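*Asks:*
2 protein chains.
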Amino acid sequence: MTEILSEFSKYAENAIEEENPTVQKLEKAGKKLAKLNIGDPARFFPTPKYIIDAYIKALKEGKTGYVDPEGIPELREAVSNRYKRLYSLDVNKDDGIFITHGVSEAFLFTNSMLVNPGDMAVMFAPYYTVSYSGFRIFGGEPLIQEYGEERDWSLDTDELETKIRRQMNEGKRIKYMAITNPSNPTGMVLGRKTLERIVEIAKNNDIVLVSDEIYDEVIFDGTEFTSIAQIAKGVPHIIYNGASKDLDSTGFRVGFMLIPGNDRVSETIKRKLVDFCAMRLCVSTPAQYAITEGINNIKEHRLEVTEFVKAIAERASFASKLINESEYMHVVPPRGAYYLFPKLDMSRLDLKTDKEFVHKLLEEEGVLLTRGSGFGGNDHVRLVALPSKETLAAAIEKIDKFCEGHSR
Amino acid sequence: MTEILSEFSKYAENAIEEENPTVQKLEKAGKKLAKLNIGDPARFFPTPKYIIDAYIKALKEGKTGYVDPEGIPELREAVSNRYKRLYSLDVNKDDGIFITHGVSEAFLFTNSMLVNPGDMAVMFAPYYTVSYSGFRIFGGEPLIQEYGEERDWSLDTDELETKIRRQMNEGKRIKYMAITNPSNPTGMVLGRKTLERIVEIAKNNDIVLVSDEIYDEVIFDGTEFTSIAQIAKGVPHIIYNGASKDLDSTGFRVGFMLIPGNDRVSETIKRKLVDFCAMRLCVSTPAQYAITEGINNIKEHRLEVTEFVKAIAERASFASKLINESEYMHVVPPRGAYYLFPKLDMSRLDLKTDKEFVHKLLEEEGVLLTRGSGFGGNDHVRLVALPSKETLAAAIEKIDKFCEGHSR
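Listed in order, the protein sequences are those of chains A and B. So in the working numbering, spot 253 of the first sequence is number 253, and the numbers just go up one at a time. So in the working numbering, spot 186 of the second sequence is number 1186, and the numbers just go up one at a time.
Have a look at this one:
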């Protein structure tokens, strides 16, 4: 039998989950682990009670069957109102809002819908790992532009435009430009001026903008967030968002896609998305009702999210300081999201790659991180800033001790 | 701008949902519709209370975060026990069981994992609509073998083998052979002898078997069901199943994949599936706990499913008789599942296609069916046998009246 797997399935991966077999082995042996690999707030902050209550109400009312493939109208309306409230944006619930199985499915739909083998997409590294692998499993060829870590993860947009032009002159088709803002894994927040340049480049080169803004309410004090939708009018753009991160309900699997435009490309995408949604029938019905309340109950939400973001900001700042006291790591403190993305000084360690670093750290110290190379950021690790300060301090101490033991 | 959509996205469709815009228009105008298009038991039979209770318990216990990408161990174990109980099958919960966002995601994983553009898969027509479109959006080229409607939807396996040989001689790669058993849309149940021939053909030609058995507990009296897993030992096979149909919980979006084999191909597929699961993080966490109880509470489940299947069998038999009294339609009565798939006598109607039939029937009589051509069965319609006899009788009377009005 010749190779059974498809050619592009070799790209299927998610670095965040790849140490699971080792985790299971260690836990089976009774080892207590510090799992700082996955951005799951529900492990550290209980999902707000008013959302749970709405979920239970939906179940008791018999909301258990199939619903609209694009999502229940109530939730699409809540999302529409949310964008009106936060960004003064008018997106009709029936024209450009699609509820998905988390942002994960938004990646899938976008790539399945747009990407032929050999098509390109612009990605800024470090990128969210599934943003990359989700594109590659459709045969896409990424055009990578790296953020400048030494310049606070800023973006050289002139270099970006030159790269794009070069590929287009060679006849390459660039289907979209992917942004994750705030960034996962770095926690950087793109400034308005940079975003305006990105929009300009997209416009000049007929490239669709795809912006994953799932952390848009997890912004630390003193930083301003701009949604691409506020400045991309007239340029086709797709926004990903969802309930997992600011409503602290990762396990409900409710995300959404917004296509605010009415240009020809946006209209084509919206029509096609209806078909993709229909093929998987619908997203969790009772969870959609829960998230409708989660968004609509503004008073409860504000109370919850304010406390939540304040706690994360403190933890991130605390952990950044500790990391920067280590002689083996350095981190640019994040401005939003849940993550720290320190650079490892590999020249001082007897380890070859960040992958080896992560695996051995788990085996030896019971601390689980995610390798930076999984995000296109070699010689880095990603850790979540969600646990308590005590847990973070203990974990960082262990990482430092591990580095000490592996110094050369 | 050149074409924005990918080449294969043109195949994205689900005939079951395609009349939704007309439905919305009619309902907005206050029209009451008989929707017999979608196999959603929760609209007619409440989801069992013991499952709802387990769901609520999970929510109250804070089961709201991410869990194992392959599914919670408790649910994988429940699935393992189910296959032991029903089919004397040994599949370890940690080796060959994967929880998915419904069977819809099982289609997606299989096709993304196995199909290169130009690869073939054998499909028996009429097939489940997403079985076909889900394959084609990856560039797959179906090799269709039609069931013989005039011979109770039986399969000519000799003709099948000849077709397969011909394609292989021409250098085509046939990746898998797809079965839906019991059949959606016909309700036919494949006999053991036919299944044995299918397994033999798969074995002789190195083709993976993919069997969608989501209706395996919805079998009418006097019919025996055989799972492909009972007879395909040694031949690589993937089984789809889930909670939607026999546990009456379509809106929870919990399905599963079983790969019982330990041959090289099955092992390769299992390893790769871990990556695909990881890319979308997990399936609804509280719903997985609910379905764990749904499967494990055998006593409650037996009570519920026995009543449920008895009711559906009666309704299907009742509706079959009524349909066969019409001079415009004929149906082979189903042996399982939820559906009737009557053939329309188009020669007697002033309508060109079953698509036109379905659309006009909806507009004129407010009865919503699904066009047979969406299942690879031209000049047919699919209707669900789930509503009450009164509703079915009223709908069939309207269909007959519609035919009368469109006779020529």
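Glycine included, each C-beta is placed from N, C-alpha and C at the ideal position. Keep in mind that this is a model prediction, so the values were computed, not measured.
(1) Is the beta carbon of residue 1254 of chain B sitting closer than 8 angstroms to the one on residue 1283 of chain B?
(2) If you follow the alpha helix (DSSP H) that residue 197 of chain A is part of, which residue opens it and which one closes it?
(3) Less than 8 angstroms between CB atoms is the rule here; does residue 19 of chain A satisfy it with respect to chain B?
(4) Find the residues of chain B that neighbour residue 55 of chain A, judging by a C-beta separation of less than 7 angstroms, and give them in chain order.
(5) Expressed to the nearest angstrom, what Euclidean distance is found between the alpha-carbon atoms of residue 1 of chain A and residue 1113 of chain B?
(6) Is the beta carbon of residue 1097 of chain B closer than 8 angstroms to that of residue 1079 of chain B?
(7) Using 8 angstroms as the threshold, is the C-beta distance between residue 1047 of chain B and residue 292 of chain A below it?
(8) Using CA atoms only, rank isn't needed, just tell me which of A/151, A/145, A/120, A/147 is closest to residue 137 of chain A.
(9) Could you tell me which chain B residues have their CB closer than 7 angstroms to the CB of residue 66 of chain A, listed as they occur along the chain?
(10) If you draw a straight line from the alpha carbon of residue 1309 of chain B to that of residue 235 of chain A, how long is it in whole angstroms?
(11) Inspect the beta-carbon positions of residue 1178 of chain B and residue 1130 of chain B and report whether they are closer than 8 angstroms.
(12) Note down, in chain order, every chain B residue with its Cβ under 8 angstroms from the Cβ of residue 29 of chain A.
(13) Report yes if the CB atom of residue 315 of chain A is closer than 8 angstroms to the CB atom of residue 383 of chain A, and no otherwise.
(14) Compute the beta-carbon to beta-carbon distance between residue 1147 of chain B and residue 1188 of chain B, rounded to the nearest angstrom, for a pair I have assumed lies under 8 angstroms.
(15) Going along the chain, which unbroken runs of the beta strand (DSSP E) with 3 or more residues stay wholly within the region 204-240 of chain A?
(16) State the DSSP-derived secondary structure class of residue 335 of chain A, mapped to helix, strand or coil.
(17) Please report how far the alpha carbon of residue 999 of chain B lies from the alpha carbon of residue 1390 of chain B, in whole angstroms.
(18) Could you name the residues of the same chain whose beta carbon sits closer than 6 angstroms to that of residue 1341 of chain B, not counting the 5 residues immediately before and after it, in chain order?
(19) Using a threshold of 8 angstroms, state whether the C-beta atoms of residue 103 of chain A and residue 242 of chain A are closer than that.
(20) When you compare only the Cα positions, how much space is there between residue 159 of chain A and residue 3 of chain A?
(21) Going along the chain, which residues of its own chain have a beta-carbon closer than 6 angstroms to the beta-carbon of residue 1247 of chain B, five neighbours each way excluded?
(22) In the DSSP output, what is residue 382 of chain A paired with across the bridge?
(23) Going residue by residue through the region 46-132 of chain A, where are the continuous alpha helix (DSSP H) segments of at least 4 residues, counting only ones entirely within it?
(24) How about residue 1406 of chain B: is its Cβ closer than 7 angstroms to a heavy atom in the ligand FMN?
(25) From the DSSP output, read off the bridge partner residues of residue 1154 of chain B.
(26) Nearest to residue 220 of chain A by alpha carbon, out of A/311, A/302, A/299?
(27) Note down, in chain order, every chain A residue with its Cβ under 8 angstroms from the Cβ of residue 1135 of chain B.
(28) Does the beta carbon of residue 275 of chain A come closer than 8 angstroms to any beta carbon on chain B?
(29) Measure the beta-carbon distance from residue 1269 of chain B to residue 1205 of chain B and round it to whole angstroms, keeping in mind my assumption that it falls under 8 angstroms.
(30) By the 9 angstroms beta-carbon criterion, what residues does the region 105-130 of chain A contribute toward chain B?
(31) Is there a C-beta anywhere in chain A that falls below 8 angstroms from the one on residue 1046 of chain B?
(32) Would you call residue 35 of chain A buried or exposed, if buried means 16 or more other Cβ atoms sit within 10 Å of its Cβ?
(33) If you drop the 5 nearest sequence neighbours on each side, which residues of the same chain put their C-beta closer than 6 angstroms to that of residue 144 of chain A?
(34) Straight-line CA distance for residue 162 of chain A to residue 168 of chain A?
*Replies:* Looking at the atomic coordinates:
(1) Position 254 of the second sequence, counted from the start, is the residue given in the question as residue 1254 of chain B. Position 283 of the second sequence, counted from the start, is the residue given in the question as residue 1283 of chain B. Against a cut-off of 8 angstroms, the Cβ pair of residue 1283 of chain B and residue 1254 of chain B comes out as a contact.
(2) Your numbering for residue 197 of chain A matches position 197 in the first sequence. From DSSP, the alpha helix (DSSP H) with residue 197 of chain A extends over 192-204.
(3) For the purposes of this step, residue 19 of chain A is identified with residue 19 of the first sequence, where counting begins at 1. No, its Cβ sits nowhere closer than 8 angstroms to a Cβ of chain B.
(4) In the first sequence, the residue the question calls residue 55 of chain A occupies position 55. In chain order: 1059.
(5) Within the first sequence, numbered from 1, the residue matching residue 1 of chain A stands at position 1. Within the second sequence, numbered from 1, the residue matching residue 1113 of chain B stands at position 113. For residue 1 of chain A, the predicted model reports a pLDDT of 46, less than 50, meaning its position is unreliable; a value from the coordinates is still stated below. For residue 1 of chain A and residue 1113 of chain B, the distance between alpha carbons rounds to 16 angstroms.
(6) On the second sequence, position 79 is the one that residue 1079 of chain B refers to. On the second sequence, position 97 is the one that residue 1097 of chain B refers to. Yes.
(7) By one-based count along the second sequence, residue 1047 of chain B stands at place 47. By one-based count along the first sequence, residue 292 of chain A stands at place 292. No, these two residues do not count as a Cβ contact at 8 angstroms.
(8) Indexing the first sequence from 1 puts residue 137 of chain A at position 137. Checked all of A/151, A/145, A/120, A/147; the closest Cα to residue 137 of chain A is A/120.
(9) Mapped onto the first sequence, residue 66 of chain A falls at position 66. Per Cβ cutoff of 7 angstroms: 1038, 1040, 1250, 1251.
(10) Sequence index remark: in the second sequence, residue 1309 of chain B carries index 309 (1-based). Sequence index remark: in the first sequence, residue 235 of chain A carries index 235 (1-based). If you take the alpha carbons of residue 1309 of chain B and residue 235 of chain A, they lie about 53 angstroms apart.
(11) Residue mapping note: residue 1178 of chain B aligns to position 178 of the second sequence, counting from 1. Residue mapping note: residue 1130 of chain B aligns to position 130 of the second sequence, counting from 1. The answer is no: Cβ separation not under 8 angstroms.
(12) Residue mapping note: residue 29 of chain A aligns to position 29 of the first sequence, counting from 1. Going along chain B, no residue has its Cβ under 8 angstroms from residue 29 of chain A, so there is no contact; the nearest lies around 16 angstroms.
(13) The residue given as residue 315 of chain A occupies position 315 in the first sequence. The residue given as residue 383 of chain A occupies position 383 in the first sequence. No. Outside cutoff.
(14) Position 147 of the second sequence, counted from the start, is the residue given in the question as residue 1147 of chain B. Position 188 of the second sequence, counted from the start, is the residue given in the question as residue 1188 of chain B. Residue 1147 of chain B to residue 1188 of chain B, Cβ: 7 angstroms. Contact.
(15) 208-212
(16) Counted from its first residue, the first sequence places residue 335 of chain A at position 335. Note: residue 335 of chain A maps to coil in three-state DSSP.
(17) Coverage of chain B is limited to positions 1001 through 1408, which leaves residue 999 of chain B absent and any answer about it impossible.
(18) Reading the second sequence from its first residue, position 341 is the one you call residue 1341 of chain B. Correct list, in chain order: 1185, 1186, 1380, 1382.
(19) Along the first sequence, read from residue 1 onward, the residue named residue 103 of chain A stands at position 103. Along the first sequence, read from residue 1 onward, the residue named residue 242 of chain A stands at position 242. It is a contact, given that the beta carbons lie within the stated cut-off.
(20) In the first sequence, the residue the question calls residue 159 of chain A occupies position 159. In the first sequence, the residue the question calls residue 3 of chain A occupies position 3. For residue 159 of chain A and residue 3 of chain A, the distance between alpha carbons rounds to 40 angstroms.
(21) Along the second sequence, read from residue 1 onward, the residue named residue 1247 of chain B stands at position 247. Closer than 6 angstroms at Cβ, skipping near neighbours: 1294.
(22) Taking the first sequence and counting its residues from 1, the one referred to as residue 382 of chain A is at position 382. Residue 382 of chain A pairs with A/370.
(23) 49-60, 73-87, 102-114
(24) You won't find the ligand FMN in this model; it holds no ligand whatsoever.
(25) In the second sequence, the residue the question calls residue 1154 of chain B occupies position 154. Per DSSP, B/1148.
(26) Sequence index remark: in the first sequence, residue 220 of chain A carries index 220 (1-based). Measuring from the Cα of residue 220 of chain A, the nearest candidate turns out to be A/311.
(27) Numbered from its first residue, the second sequence carries residue 1135 of chain B at position 135. Within chain A, no residue comes near residue 1135 of chain B; the closest Cβ sits about 11 angstroms away, beyond 8 angstroms.
(28) Here residue 275 of chain A refers to the residue found at position 275 of the first sequence. It does; some Cβ of chain B falls within 8 angstroms.
(29) Here residue 1269 of chain B refers to the residue found at position 269 of the second sequence. Here residue 1205 of chain B refers to the residue found at position 205 of the second sequence. Not quite, the Cβ-Cβ distance comes to about 18 angstroms (not below 8 angstroms), so this is no contact.
(30) 105, 107, 108, 111, 112, 113, 114, 115, 116, 117, 119, 129, 130
(31) Numbered from its first residue, the second sequence carries residue 1046 of chain B at position 46. It does: the Cβ of residue 1046 of chain B has a partner Cβ on chain A nearer than 8 angstroms.
(32) Working through the first sequence from its first residue, we reach residue 35 of chain A at position 35. Residue 35 of chain A should be labelled buried.
(33) What you label residue 144 of chain A is simply residue 144 of the first sequence in a count that begins at 1. The residues are 123, 125.
(34) In the first sequence, the residue the question calls residue 162 of chain A occupies position 162. In the first sequence, the residue the question calls residue 168 of chain A occupies position 168. Distance between the alpha carbons of residue 162 of chain A and residue 168 of chain A is about 10 angstroms.
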